[in-house]
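Residue numbers (the numbering used here): 14 to 122.
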């Protein structure tokens with residue numbers, strides 16, 4: 014009995030991921046805003062992907078530490094507050110439909 018899993022297979026990760034999302038009934042955005050907040054250990058790994066999205070015209074928003082890291086690598090972005098930093102914060106933006114794609118990892122979760 015299936016629980017609804019899908020898998021995308023291709024020669025590169027990006028295309029395989031896109032296929033998995035399409036197979037699951039999700040469409041990938043072609044414009045809009047990308048929220049980025051990742052733990053320090055993941056920052057190098059997301060840099061190229063975020064740069065590509067910025068070059069495609071996506072607006073990049075990030076929490077403070079991630080914003081500093083991205084700008085230090087030549088990627089322009091705007092700061093968004095974490096929930097505990099006060100309003101407006103990232104949850105407000107997400108509830109308002111202002112965020113189309115999320116890169117998020119946490120410490121110790």
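Positions of the beta carbon are idealized from the N, C-alpha and C atoms, including for glycine.
Simplified DSSP state of residue i, which is helix, strand or coil
| i | result |
| --- | --- |
| residue 114 | strand |
| residue 96 | helix |
| residue 22 | coil |
| residue 46 | strand |
| residue 52 | coil |
| residue 88 | coil |
C-beta contact flag for residue i and residue j at 9 Å
| i | j | result |
| --- | --- | --- |
| residue 114 | residue 30 | no |
| residue 44 | residue 70 | yes |
| residue 95 | residue 50 | yes |
| residue 46 | residue 104 | no |
Proximity to residue i [Cα-Cα], best of the options
| i | options | result |
| --- | --- | --- |
| residue 99 | 76, 58, 68, 62 | 76 |
| residue 78 | 118, 17, 20 | 118 |
Beta-carbon proximity list for residue i, same chain, < 6 Å, skipping 5 on both sides
| i | result |
| --- | --- |
| residue 67 | 73, 88 |
8 Å CB neighbourhood of residue i in its chain, flanking five on each side removed
| i | result |
| --- | --- |
| residue 116 | 47, 48, 49, 50, 51, 59, 62, 63 |
Cβ shell of residue i (< 7 Å), same chain only, five flanking positions each side left out
| i | result |
| --- | --- |
| residue 23 | 29, 32 |
| residue 86 | 60 |
Residue i Cβ short of 8 Å to the ligand ADP heavy atom set
| i | result |
| --- | --- |
| residue 98 | This structure simply doesn't include the ligand ADP, nor any ligand for that matter. |
Point to revise | At least three beta-carbon pairs within less than 8 Å, the stretch 51-59 to the stretch 32-39 | key: no
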